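Asks:
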Amino acid sequence: MRRFSWFNTTALTLGFAFLYLPMIILIVYSFNESRLVTVWAGFSTKWYGELLQNELFLDAAWVTLQVAVVSSTFATVLGTMAAYVLVRAGRFSGRTLFSGMIYAPLVMPEVITGLSLLLLFIGIGLDRGVLTIILAHTTFSMCYVSVVVSSRLVAFDRSLEEAALDLGCTPWEAFRLVTLPIIAPAVISGWLLAFTLSLDDLVIASFTAGPAATTLPIRIFSSVRLGVSPEINALSTIMIGIVTVGVITASLISKNAALRQRAEEQAAERAA
Amino acid sequence: MADSAEARPMPHGGIFEPWNDPTASPLIRFENVTKRFGDFTAIDDLTIDIFEREFYALLGPSGCGKTTLMRMLAGFETPTEGTILLAGQDISPIPPNKRAVNMMFQSYALFPHLSVWENIAFGLKREGMAKSEIDARVDEMLRLTRLERFAKRKPHQISGGQRQRVALARSLAKAPKLLLLDEPLGALDKKLRQETQFELMDIQEKTGTTFVIVTHDQEEAMTVASRVAVMDEGRIIQVATPDAIYEDPSSVYVADFIGDVNLIEGRARPEGDALLLDWAEGERPLRCKTSKSFSAGQTCHLAIRPEKLTISAEEPAEADNRARGRILDIAYLGNISTYHVELPGGLVLKAQAANTRRIARRSFTWEDEVWLSWTETAGVALER
Amino acid sequence: MGRRLLIAVPYLWLLALFLIPFLIVLKISLSDPELAIPPYTPTLDWREGWAGFTEFLSQLDFENFVFLTEDDLYWKAYLSSLQIAALSTLLALLVGYPIAYAMARAAPEWRPTLLMLVILPFWTSFLIRVYSWIGILSTEGYLNQFLLGIGVISEPLTILNTNVAVYIGIVYTYLPFMILPIYAALEKLDDSLLEAAEDLGCSRLSAFWLVTVPLSKAGIIAGCFLVFIPALGEFVIPSLLGGSETLMIGKVLWEEFFSNRDWPVASAVAVVLLLILIVPIVLFQRNEQRQREAEG
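Chains as they are written, first to last, in our numbering: chain P, 7 to 278; chain D, 68 to 451; chain Z, 52 to 347.
1) Taking the beta carbon of D:Ile151 as the centre, do at least 16 other beta carbons fall within 10 Å, making it buried, or is it exposed?
2) Contact check, Z:Val76 vs P:Leu121 under 8 angstroms by CB: the rounded distance?
3) Using three-state DSSP, classify D:Ala307 as helix, strand or coil.
4) Would the C-beta of Z:Leu133 count as close to the ligand GTP, meaning under 8 angstroms from any of its heavy atoms?
5) Take D:Ala445 as the anchor and find which of D:Lys244, D:Leu376, D:Arg260 has the nearest alpha-carbon.
6) Is P:Ile188 close to chain D? Criterion is C-beta to C-beta, closer than 9 angstroms.
7) Please look up how many angstroms separate the CB atoms of D:Thr134 and D:Lys102, rounded, as I've assumed it's under 8 angstroms.
8) Give a yes or no on whether the minimum CB-CB distance between P:Val184 and chain D is below 9 angstroms.
9) Let me know the secondary structure DSSP gives D:Ala69 once reduced to three states.
10) Going along chain P, which residues have a C-beta under 8 angstroms from D:Lys241?
11) Can you find the residues in the same chain that come closer than 6 angstroms, C-beta to C-beta, to P:Ile210, ignoring five residues on each side of it along the sequence?
12) Checking contacts by CB at 9 angstroms: is P:Arg268 closer than that to chain Z?
13) Along chain D, which residues have their Cβ under 7 angstroms away from the Cβ of P:Ser260?
14) Alpha carbon to alpha carbon, how far is Z:Ala247 from Z:Leu261? Give it in angstroms, no decimals.
15) With a threshold of 9 angstroms between beta-carbons, can P:Ser152 be considered close to chain Z, or not?
16) For Z:Pro84, does the three-state DSSP call read helix, strand or coil?
17) Could you name the residues that DSSP lists as bridge partners for D:His368?
18) To test your reading of the DSSP string, which unbroken alpha helix (DSSP H) runs of 4 or more residues are found completely within the stretch 9 to 40 of chain P?
19) Considering only the beta carbon of each residue, do Z:Gly147 and Z:Leu226 sit closer than 9 angstroms?
20) How is P:Ile128 classed by DSSP in three states: helix, strand or coil?
21) Which one of D:Leu245, D:Gln229, D:Phe189 has the shortest CA to CA distance from D:Asp256?
22) Alpha carbon to alpha carbon, how far is P:Asp163 from Z:Ala317?
23) Residues in the same chain with beta-carbon distance under 8 angstroms from Z:Cys253, minus the five sequence neighbours each way, listed in chain order, please.
24) Please report the straight-line C-alpha distance between Z:Arg341 and Z:Glu296, rounded to a whole angstrom.
25) Mapping the DSSP letters down to three states, classify D:Arg302 as helix, strand or coil.
26) Identify the contact partners of Z:Ile79 in chain P, using a Cβ-Cβ distance below 8 angstroms as the criterion.
27) Excluding five sequence neighbours on each side, which residues of the same chain lie with their C-beta closer than 6 angstroms to the C-beta of D:Pro337?
28) From which residue to which residue does the beta strand (DSSP E) around D:Phe104 run?
29) How would you write the range of the beta strand (DSSP E) that D:Ser404 sits in, first residue to last?
30) Should P:Trp178 be labelled buried (16 or more other beta-carbon atoms within 10 Å of its own) or exposed?
31) Once you ignore the five residues that flank P:Val76 on each side, which residues in its own chain have a CB closer than 6 angstroms to its CB?
32) So, helix, strand or coil for Z:Met299, using DSSP?
33) Determine whether the beta carbon atoms of D:Ala167 and D:Leu153 lie at a separation below 9 angstroms.
34) Short of 8 angstroms in beta carbon distance, which residues of its chain neighbour D:Asp157, apart from the five on each side in sequence? Order them along the chain.
35) For chain P, find out if any of its Cβ atoms is closer than 9 angstroms to the Cβ of D:Met59; answer yes or no.
36) Assuming D:Val291 contacts D:Phe431 under a Cβ cut-off of 8 angstroms, what Cβ separation, rounded to an integer in Å, is found between them?
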């Protein structure tokens, strides 16, 4: 490229250094022998061992995982329904309010969402715990899911659904046999997004979690308020590792699928 | 254009024209159907009959309502007013998935996650047909459309022409009473389109299905259809066989829409079974045979196809109509050439002549003074 | 029938768990604090019917909002939130634009990888990304060690627990939101436009100002809102990286609720924050709408 100059190279190098150095340092120092996290004292994996002994963290991780799996599953179902309503249901009374309620949580500060849900749960006398976190997470992540799924539905050729109806499907069969398999990648990425949002959430969980249920971010937050700790470094490394492997695998799979599809299309046109 | 299909013979020898048979009852009848979208009237008080085994073409510019008409037949739109009868039964309350009507979509709408075989079997499975019957039927469809080799492929693994045939096979698999084809050849390149037109006619004849095709391509409509309905702004302008549409258009709109035409406006002067047209000061009136009656002085349009004009260097001795002009432009199309000839009044007529000689030896060139002539039966007199 | 059910389920869910809770916030912001459970009054008693309802309404007032204007803590918190959000947005733009520009100018086969590298941090825990800066910015942290080591400074800098650390934290965590829309706008930019500008006598720099920047304007605006809006209500970054001098409204709300247990004032703070947010949100929506129309 003519314009790929020293300027662009510098911008990319510095930019990605800024984005990645903090996390790389974190990972490196999670293998530090010393408890003094800023002083390197030799390689060790002992903090990972300590982490696995720490009941508090393990319990919190278990709660978080349960909340994330259940809430992202609900959010995917509700969000896909909402996306379908937004894109396909046409006009109905209260449509403006509906789309407002889908988009508002995306820009709503988490402190407000958390506060309002807490006040609701207290108002109806629902004890705070795993259930309330699940309800809260489902509500805000379904909006993200519906944005992801509806952007796929907008691009979806509507005549495919009409063809299914034309060939004898009921509307539900058309959705199940034609629409859903085709939008499945978007639904899956919606689920993954909801899952990470739930894993990640501190503020809303802090409001809606009771003493009975503490999630991992709450545990991490109360721990890091006191400063850097090598166990948190180890925990962070594990989480970063899982996400990195997941994202890279997903993007490789979709890239390969796209490449194969293009190659097959070209072969078909050449053969014709 | 010129080789528009003749009315096709019936298997038992007679000419297939049920629309001229007063005892025949139509497969489809639109009765005063109107369709509005908000303020926009897509279909305006339309009444037509379509007969069994017909290959019926809806032809018109985009936005003329032809697609809406078809979608009402498929069940994706309901008429605002009027009724649509299929074999005498009102189909308005029947949802698309219960109609004995299938549609081939413009985009083909092949299910990308299913193989060719599964696409064709899709509708049969919904019917709850036995597995062995499905197998037999799909195989039959694959044979009909010459797709046996591609049964296991996914839609993206076959070419555009093959996809078109899968879409056709899929919509024919359920043996519908009526097959709707929405611009079925629109996505194919010109050469493939012409081949496929004949294939389509062949398949229609073999299966005996009634076809309704929507197209904006007049050549396609003329080639495949038993009757062509020319539409504009939600109304039917003319329904007739392709040759009648071409040779005997009912209005200036149809004459102009189908093929190339010269239009000469003038005042009518009836004279027996013919008509004289005063078209310019100091020019000889034009003579035209017509069965329509015009009153004296009425505005009249003479429509003449360019290939029906004869171009010559000398004044023709015996001709019903003749006019002198100057060659303005020549469009060389290989087999024929179109000459644009300007008459003294400024009117430009197009005349077509076959290039039977090599181009270097052709008789006319730019700026030549020439004569145009035609017979009294060559043109059609139209009121509007 | 099926259609009605399809609409009803997500609709009712959002009504119950988004709209109604928000109305409760609004209502409590108009109530008085009370040493009780729940710690506010009045509470609506449905058993008393219409009379109870009017009685309930008559007890609501704007006292808490008046309180917010009287105590300058809140004023300062709102202003300082606006200022921190605005300045961090500007910084994110200055950092993000060159990256987006360089990505859009990179060889096409590299772009998907670069894009993934920008998106990857977004999938990693927000909390961890903020946390990673504590170790870097603290007095005995890696940055000070490095600067002392190469001899640029002789005394460690105090960055952690100041507003500077908050700026760094916001720019760092929200940078992908700035880069992505600008990249999307720049990627569509046709190279021949720049060549045409140069052909017509522009220098490279003036071609950049006269062609590239105006054509990426929509991306810049979108990116700025995507950073500004969440930064305004941010809680985690100021509470982990900021100090006692850092006043941000998200943090104030949190403390009002959890430490002071003053629910009515916390609710009033939330309502005012939302009112402030409506302006940028509406502007952002308009920008998106215009963009869609321009493309559509």
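For glycine and all other residues, C-beta sits at the position ideal for the given N, C-alpha and C.
Being a predicted model, the structure only gives us computed values, none of them experimental.
Replies: Quick answer:
1) buried
2) 6 angstroms
3) strand
4) This structure lacks the ligand GTP; in fact it carries no ligand of any kind.
5) D:Leu376
6) yes
7) Actually they are not in contact, since the Cβ atoms of D:Thr134 and D:Lys102 sit about 11 angstroms apart, beyond 8 angstroms.
8) yes
9) Because D:Ala69 carries a pLDDT of 40, less than 50, the predicted location of this residue cannot be relied on, and the following value inherits that uncertainty. Of the three classes helix, strand and coil, the one that applies to D:Ala69 here is coil, per DSSP.
10) Leu173, Gly174
11) Glu116, Thr119, Gly120, Ala142
12) no
13) Correct list: empty, because the minimum Cβ distance to chain D is about 15 angstroms.
14) 12 angstroms
15) yes
16) strand
17) D:Glu332, D:Leu449
18) 12 to 35
19) yes
20) helix
21) D:Gln229
22) 48 angstroms
23) Leu261, Val262
24) 40 angstroms
25) strand
26) Leu125
27) Phe361
28) 95 to 104
29) 403 to 409
30) exposed
31) Ile140
32) coil
33) yes
34) Thr150, Ile151
35) Residue 59 of chain D lies beyond the stretch modelled for chain D, which goes from 68 to 451, so this question has no answer here.
36) Actually they do not touch by this definition, with Cβ atoms about 36 angstroms apart.
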